[in-house]
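Peer 1: First the structure, then my questions, so here it is.
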Amino acid sequence: MVKYTIKRFGLAALILLVAVTTMFLMIRAVPGDPVSIMLGPRATPELKAILTAQMALDQPIWRQLLIYLGGLLRGDLGVDVFSQRSVSDIVFQQLPYTLELILVSIGWSAMLGIAMGAYAAAHPNTMIDRVTAAISVSFIAAPAFVVALLTLLVFAVKLQWFPAIGAGEGFADRMSHLVLPSIAIGLSWVGYIARLVRASMLEVMGESHIRTARAFGLSEPRIVGIYALRIAILPVVTVIGVGMGFLLSSAVFTEIVFARPGLGKLVIDSITTRNYPVVMGSVLVSTALFVISTALADLINAILDPRARADL
Amino acid sequence: MSDALLEIDNLCVDYETARGDLKALRDITFNINKGEIVGIVGESGCGKSTLISAILRLIAPNTRFRNGEIRFKGEDLLTASEEKIRSLRGSDISIVFQDPMQTHNPVISIGNQMVDIQHRSKAPKAEKRAYAAKMLAAVGIPDPDARLNQYPHEFSGGMRQRIAIAMALMSEPDLLIADEPTTALDATLEVQIIERLKNLQKDFGCSILFISHHLGVIAELCDRVVVMYAGAVVESGTVREVFHNPKHPYTKRLIECDPGHIKERARVLPTIPGEVPDLANLPSGCIFRDRCLQAMDRCTSVPPLTDITESQRAACWLNHMEAAE
Ligand SMILES: Nc1ncnc2c1ncn2[C@@H]1O[C@H](COP(=O)(O)OP(=O)(O)O)[C@@H](O)[C@H]1O
Ligand SMILES: [Mg+2]
Numbered sequence: 472m473v474k475y476t477i478k479r480f481g482l483a484a485l486i487l488l489v490a491v492t493t494m495f496l497m498i499r500a501v502p503g504d505p506v507s508i509m510l511g512p513r514a515t516p517e518l519k520a521i522l523t524a525q526m527a528l529d530q531p532i533w534r535q536l537l538i539y540l541g542g543l544l545r546g547d548l549g550v551d552v553f554s555q556r557s558v559s560d561i562v563f564q565q566l567p568y569t570l571e572l573i574l575v576s577i578g579w580s581a582m583l584g585i586a587m588g589a590y591a592a593a594h595p596n597t598m599i600d601r602v603t604a605a606i607s608v609s610f611i612a613a614p615a616f617v618v619a620l621l622t623l624l625v626f627a628v629k630l631q632w633f634p635a636i637g638a639g640e641g642f643a644d645r646m647s648h649l650v651l652p653s654i655a656i657g658l659s660w661v662g663y664i665a666r667l668v669r670a671s672m673l674e675v676m677g678e679s680h681i682r683t684a685r686a687f688g689l690s691e692p693r694i695v696g697i698y699a700l701r702i703a704i705l706p707v708v709t710v711i712g713v714g715m716g717f718l719l720s721s722a723v724f725t726e727i728v729f730a731r732p733g734l735g736k737l738v739i740d741s742i743t744t745r746n747y748p749v750v751m752g753s754v755l756v757s758t759a760l761f762v763i764s765t766a767l768a769d770l771i772n773a774i775l776d777p778r779a780r781a782d783l
Numbered sequence: 008m009s010d011a012l013l014e015i016d017n018l019c020v021d022y023e024t025a026r027g028d029l030k031a032l033r034d035i036t037f038n039i040n041k042g043e044i045v046g047i048v049g050e051s052g053c054g055k056s057t058l059i060s061a062i063l064r065l066i067a068p069n070t071r072f073r074n075g076e077i078r079f080k081g082e083d084l085l086t087a088s089e090e091k092i093r094s095l096r097g098s099d100i101s102i103v104f105q106d107p108m109q110t111h112n113p114v115i116s117i118g119n120q121m122v123d124i125q126h127r128s129k130a131p132k133a134e135k136r137a138y139a140a141k142m143l144a145a146v147g148i149p150d151p152d153a154r155l156n157q158y159p160h161e162f163s164g165g166m167r168q169r170i171a172i173a174m175a176l177m178s179e180p181d182l183l184i185a186d187e188p189t190t191a192l193d194a195t196l197e198v199q200i201i202e203r204l205k206n207l208q209k210d211f212g213c214s215i216l217f218i219s220h221h222l223g224v225i226a227e228l229c230d231r232v233v234v235m236y237a238g239a240v241v242e243s244g245t246v247r248e249v250f251h252n253p254k255h256p257y258t259k260r261l262i263e264c265d266p267g268h269i270k271e272r273a274r275v276l277p278t279i280p281g282e283v284p285d286l287a288n289l290p291s292g293c294i295f296r297d298r299c300l301q302a303m304d305r306c307t308s309v310p311p312l313t314d315i316t317e318s319q320r321a322a323c324w325l326n327h328m329e330a331a332e
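Chains as they are written, first to last, in the working numbering: chain E, 472 to 783; chain S, 8 to 332.
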């Protein structure tokens, strides 16, 4: 298990290295001189030369890459062109907001989706099954930004139950600021996970070990909730791990609609101001988040499924 | 009969399929008495597994009970409440299912599964684990304490089969049902398991319903045997009667086809020429008519299962002719 963990995170680091290199080369391949873009049309040649040297742009590309990667290893993501602040400070200041939004969103939606799917699978083709199917499908069909706008208008502006903008301070305030954004992000996940769990649950419930559990008189809640669900949630873990990219992109929309601080807002703001080091730093951290979450999903699956552990 | 533990009367079970109703069991009638070991033989697909899953209503969703009764200690199981059935499952009646590779939960350790099935006992968990280890040792699993922490995929097929048997025996049931329990085992293990089942039967006086395609094992272990063909009982009686003086052409063919099978172990039941009738589209008359060497005009009507001796019964018109002579 320890060996697998090391191997899996080694692989994750490798994937990240490839991603960073590709991104770095792509940005350098874009026509146009980053220095003129940063400094604007009125820059003096001396200023340009200083910045070029500072950003190591006068070096061959492979050295630039090595310098960049070396910086990354030291946790140095470069410097914000405008404020001269360290990019990693800026990014890691925003990261917790996005993380808490994503975790809360996927947390509530996974719990509700798993419960709905398991319940529907335990009562197939009943009224409740059809109702959950209808709810799930309409949830899946609702895009995050539409839900964001609707909930904002109804619950924040009209009913004023929840705050409309910002992230809040102190635990209770932060939580109440999370309600609407996490509904916006999580709603379609509820539907998606419910459908997924229902399907895999129905498959598992037909397997012969479930008949064995019944043959020993185990209670139906125990059979459904433990003997079947422990197997049926395995695909959910994978889907959430891989869905991290999707979660991040819906977090971007949601952060903008609710004017929440976070990576999404940071990326959009820095793109509009052409603040390349910040763009690159935040994209890099998002990529790392994605790679780490798929690795984590594999690890969790290995913990939940001894058969997967055996193949490692 | 007052000492009957399980009585099956005129049981008819269909599977609803796209092709129409598949008549998996037709008019099944036989008893298991207290302390008795009854064997069921028959080709694959003749309804043996359907029969045993019907007893505890552990049935596929498309199963339909059309007629008949299954009484356990006098109480009809087909009309019993769900709670009543659940209270029997794994306590009064235990089942060892056919496929040992699929029979355990793949993500729960064997120890936890064996502790879980003792859910009716109030004993502390450590005691339940100790009992589980004891049972594993009893079916010949070495190092049982450590093995409790392992998962099903870490055991061989034969070991899983023995674990399934150990689990079924844990509650010391009144009736143990075993569906081809020795098929996945090698010959030495098979002998050991048969011995163990015999001892269990002696120690606890439980009854056993034993399904096998191995005629020799049935002869060795069972008191009585039921021969099934295409969803029906064609002959039943004591092992001695049925194997030495079979009264149905199907039984005769099974034994004649390969007499060695009574002595040696077989992977499959001896095959006899011809095809089993389509259960979704049954021919009229005797179901064995098409494969029977002694078929005659009379076989266009269904022969009833009639008494030959006090204990032997067979469903063949030939016996009626003998009786008439
Ligand atoms: N769930 C089901 N739906 C339809 N047909 C089934 C189902 N289960 C079993 N059968 C069919 O019923 C017949 C009896 O099967 P089974 O009881 O498993 O026989 P055996 O155990 O003697 O091999 C076979 O023809 C089989 O294909
Ligand atoms: Mg079978």
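Think of the CB as a built atom: it goes at the ideal place given N, C-alpha and C, for glycine as much as any other residue.
When the Cα atoms are used, what is the spatial distance from THR195 of chain S to GLU187 of chain S?
Peer 2: As a working note, residue 195 of chain S is residue 188 in the second sequence. As a working note, residue 187 of chain S is residue 180 in the second sequence. One C-alpha to the other measures close to 16 Å.
Peer 1: What does the alpha-carbon distance come out to for the pair LEU689 of chain E and ILE702 of chain E?
Peer 2: Within the first sequence, residue 689 of chain E is the residue found at index 218, counting from 1. Within the first sequence, residue 702 of chain E is the residue found at index 231, counting from 1. For LEU689 of chain E and ILE702 of chain E, the distance between alpha carbons rounds to 17 Å.
Peer 1: Within 10 angstroms of its Cβ, does PRO107 of chain S collect 16 or more other Cβ (buried), or is it exposed?
Peer 2: Against the second sequence, residue 107 of chain S aligns to sequence position 100. So PRO107 of chain S counts as buried.
Peer 1: Cβ-heavy atom distance between ASN288 of chain S and ligand 1 below 7 Å?
Peer 2: By one-based count along the second sequence, residue 288 of chain S stands at place 281. Ligand 1 never approaches ASN288 of chain S closely enough for any of its heavy atoms to be under 7 Å from the residue's Cβ.
Peer 1: How close, in whole Å, do the beta carbons of THR622 of chain E and ILE654 of chain E come, if the pair is a contact with beta carbons under 8 Å?
Peer 2: Taking the first sequence and counting its residues from 1, one reaches residue 622 of chain E at position 151. Taking the first sequence and counting its residues from 1, one reaches residue 654 of chain E at position 183. Correct: roughly 6 Å between the Cβ atoms.
Peer 1: What is the DSSP secondary structure of CYS264 of chain S, reduced to helix, strand or coil?
Peer 2: Residue mapping note: residue 264 of chain S aligns to position 257 of the second sequence, counting from 1. DSSP places CYS264 of chain S in helix when its eight states are reduced to three.
Peer 1: Only counting the same chain, and skipping five residues up and downstream in sequence, which positions put a Cβ closer than 7 Å to that of ASN156 of chain S?
Peer 2: For the purposes of this step, residue 156 of chain S is taken as the residue at position 149 of the second sequence. So the qualifying residues of the chain are SER116 and GLY118.
Peer 1: By the criterion of Cβ-Cβ separation under 7 Å, what are the contact partners of ILE102 of chain S in chain E?
Peer 2: Taking the first residue of the second sequence as position 1, residue 102 of chain S is located at position 95. Here the neighbours are ALA686.
Peer 1: Closer than 8 Å, CB to CB, is THR683 of chain E near chain S or not?
Peer 2: Position 212 of the first sequence, counted from the first residue, corresponds to residue 683 of chain E. Cβ-Cβ to chain S under 8 Å: yes for THR683 of chain E.
Peer 1: Just tell me which of S:GLU90, S:TYR138 and S:ALA239 has its CA closest to the CA of THR57 of chain S.
Peer 2: Numbered from 1 along the second sequence, position 50 holds the residue referred to as residue 57 of chain S. Among S:GLU90, S:TYR138 and S:ALA239, the Cα nearest to that of THR57 of chain S is on S:ALA239.
Peer 1: With a CB to CB cut of under 7 Å and the five nearest residues on each side skipped, what residues in its chain are close to VAL628 of chain E?
Peer 2: Position 157 of the first sequence, counted from the first residue, corresponds to residue 628 of chain E. Within the same chain, VAL628 of chain E has close Cβ partners ALA635.
Peer 1: Please tell me whether ILE148 of chain S has its Cβ less than 8 Å away from any Cβ of chain E.
Peer 2: As a first step, residue 148 of chain S must be located in the second sequence, where it is residue number 141. No, its Cβ sits nowhere closer than 8 Å to a Cβ of chain E.
Peer 1: Could you tell me the alpha carbon to alpha carbon distance between ARG167 of chain S and ALA145 of chain S, rounded to whole angstroms?
Peer 2: In the second sequence, the residue the question calls residue 167 of chain S occupies position 160. In the second sequence, the residue the question calls residue 145 of chain S occupies position 138. Whole-angstrom Cα-Cα distance: 14 Å.
Peer 1: Taking a cut of 8 Å between CB atoms, which residues from the segment 82-110 of chain S lie near chain E?
Peer 2: ARG93, SER94, LEU95, ARG96, GLY97, SER98, SER101, ILE102, PHE104, ASP106, GLN109 and THR110
Peer 1: Classify ASP181 of chain S: buried if its beta carbon has 16 or more other beta carbons within 10 angstroms, exposed otherwise.
Peer 2: Here residue 181 of chain S refers to the residue found at position 174 of the second sequence. It counts as buried.
Peer 1: Is any beta-carbon of chain E found at less than 8 Å from that of ASN69 of chain S?
Peer 2: Your numbering for residue 69 of chain S matches position 62 in the second sequence. No, no contact with chain E.
Peer 1: Run down chain S in chain order and give the residues with a C-beta less than 9 Å from the C-beta of ASP776 of chain E.
Peer 2: Numbered from 1 along the first sequence, position 305 holds the residue referred to as residue 776 of chain E. By Cβ distance, chain S contributes PRO113 and VAL114.
Peer 1: Who are the near neighbours of LEU85 of chain S in its chain, counting only those whose CB is closer than 7 Å to its CB and skipping five residues on each side?
Peer 2: Numbered from its first residue, the second sequence carries residue 85 of chain S at position 78. For LEU85 of chain S, where only same-chain residues beyond five positions count, the Cβ hits under 7 Å are PHE72, GLU76 and ILE77.
Peer 1: Measure the Cβ-Cβ separation of VAL491 of chain E and LEU540 of chain E and say whether it is below 8 Å.
Peer 2: Along the first sequence, read from residue 1 onward, the residue named residue 491 of chain E stands at position 20. Along the first sequence, read from residue 1 onward, the residue named residue 540 of chain E stands at position 69. With a cutoff of 8 Å on beta-carbon distance, VAL491 of chain E and LEU540 of chain E are scored as near each other.
Peer 1: Is it buried or exposed for ILE532 of chain E, if we count other Cβ within 10 angstroms and need 16 for buried?
Peer 2: As a working note, residue 532 of chain E is residue 61 in the first sequence. By the 10 Å Cβ count, ILE532 of chain E comes out exposed.
Peer 1: Taking Cβ positions only, does ASP181 of chain S come closer than 8 Å to chain E?
Peer 2: The residue you call residue 181 of chain S lines up with position 174 of the second sequence. By this cut-off, ASP181 of chain S is not an interface position.
Peer 1: Is the Cβ-Cβ distance between SER679 of chain E and THR258 of chain S less than 8 Å?
Peer 2: As a working note, residue 679 of chain E is residue 208 in the first sequence. As a working note, residue 258 of chain S is residue 251 in the second sequence. Cβ atoms of SER679 of chain E and THR258 of chain S: not closer than 8 Å.
Peer 1: Considering only C-alpha positions, which residue in the set S:VAL45, S:ALA130 and S:GLU14 is nearest to GLY81 of chain S?
Peer 2: Here residue 81 of chain S is taken as the residue at index 74 of the second sequence, counted from 1. Nearest of S:VAL45, S:ALA130 and S:GLU14 to GLY81 of chain S, Cα basis: S:GLU14.
Peer 1: Return no unless some Cβ of chain S is closer than 8 Å to the Cβ of LEU572 of chain E.
Peer 2: Here residue 572 of chain E corresponds to residue number 101 of the first sequence, with the count starting at 1. At a cut-off of 8 Å between beta-carbon atoms, LEU572 of chain E makes no contact with chain S.
Peer 1: Buried or exposed: which applies to PRO311 of chain S, given that a residue is buried once 16 or more other Cβ atoms fall within 10 Å of its Cβ?
Peer 2: Indexing the second sequence from 1 puts residue 311 of chain S at position 304. Exposed, because fewer than 16 other Cβ atoms sit within 10 Å of the Cβ of PRO311 of chain S.
Peer 1: Between THR758 of chain E and ligand 1, is the CB less than 7 Å from at least one heavy atom?
Peer 2: Residue mapping note: residue 758 of chain E aligns to position 287 of the first sequence, counting from 1. Not so, every heavy atom of ligand 1 lies at least 7 Å from the Cβ.
Peer 1: Quick check: is any heavy atom of ligand 1 less than 7 Å from the C-beta of ALA31 of chain S?
Peer 2: Counted from its first residue, the second sequence places residue 31 of chain S at position 24. Yes, since a heavy atom of ligand 1 falls inside the 7 Å radius drawn around the Cβ of ALA31 of chain S.
Peer 1: Where does ILE611 of chain E fall in DSSP's three states?
Peer 2: In the first sequence, counting from the first residue as 1, residue 611 of chain E sits at position 140. Helix, per DSSP.
Peer 1: If you check the beta carbons only, do ALA615 of chain E and THR725 of chain E fall under 8 Å apart?
Peer 2: Translated into the one-based positions of the first sequence, residue 615 of chain E becomes position 144. Translated into the one-based positions of the first sequence, residue 725 of chain E becomes position 254. Taking 8 Å as the Cβ cut-off, ALA615 of chain E and THR725 of chain E qualify as a contacting pair.
Peer 1: On the DSSP letters alone, give me the boundaries of the alpha helix (DSSP H) that PHE684 of chain E sits inside.
Peer 2: The sequence position of residue 684 of chain E within the first sequence is 213, counting from 1. Position check: residue 684 of chain E holds Ala in this sequence, whereas Phe was assumed. Unbroken alpha helix (DSSP H) run through ALA684 of chain E: 679-686.
Peer 1: Can a CB atom of chain E be found closer than 8 Å to the CB of ASP123 of chain S?
Peer 2: Here the question's residue 123 of chain S lines up with position 116 in the second sequence. It does; some Cβ of chain E falls within 8 Å.
Peer 1: Taking 8 Å as the threshold (beta carbon to beta carbon), is SER51 of chain S in contact with chain E?
Peer 2: On the second sequence, residue 51 of chain S is found 44 positions in, with the first residue counted as 1. Taking Cβ atoms only, chain E never reaches closer than 8 Å to SER51 of chain S, which makes this a no.
Peer 1: Is the beta carbon of VAL224 of chain S less than 8 Å from the beta carbon of GLU197 of chain S?
Peer 2: Stepping through the second sequence from its first residue, residue 224 of chain S is reached at position 217. Stepping through the second sequence from its first residue, residue 197 of chain S is reached at position 190. Yes, they are a contact pair.
Peer 1: Give every residue of the same chain whose Cβ lies closer than 8 Å to the Cβ of LEU767 of chain E, excluding the five residues on either side of it in the sequence, and list them in chain order.
Peer 2: Position 296 of the first sequence, counted from the first residue, corresponds to residue 767 of chain E. So the qualifying residues of the chain are GLY712.
Peer 1: When you check each C-beta in the segment 155-175 of chain S against every C-beta of chain E, which residues fall closer than 9 Å?
Peer 2: Interface annotation for the segment 155-175 of chain S against chain E: GLN157, TYR158, PRO159, HIS160, GLU161, ALA171, MET174 and ALA175, criterion Cβ-Cβ distance under 9 Å.
Peer 1: Suppose you measure from the CA of LEU485 of chain E to the CA of SER753 of chain E; what does that come to, to the nearest Å?
Peer 2: As a working mapping, residue 485 of chain E is identified with position 14 in the first sequence. As a working mapping, residue 753 of chain E is identified with position 282 in the first sequence. Roughly 19 Å between the two C-alpha positions.
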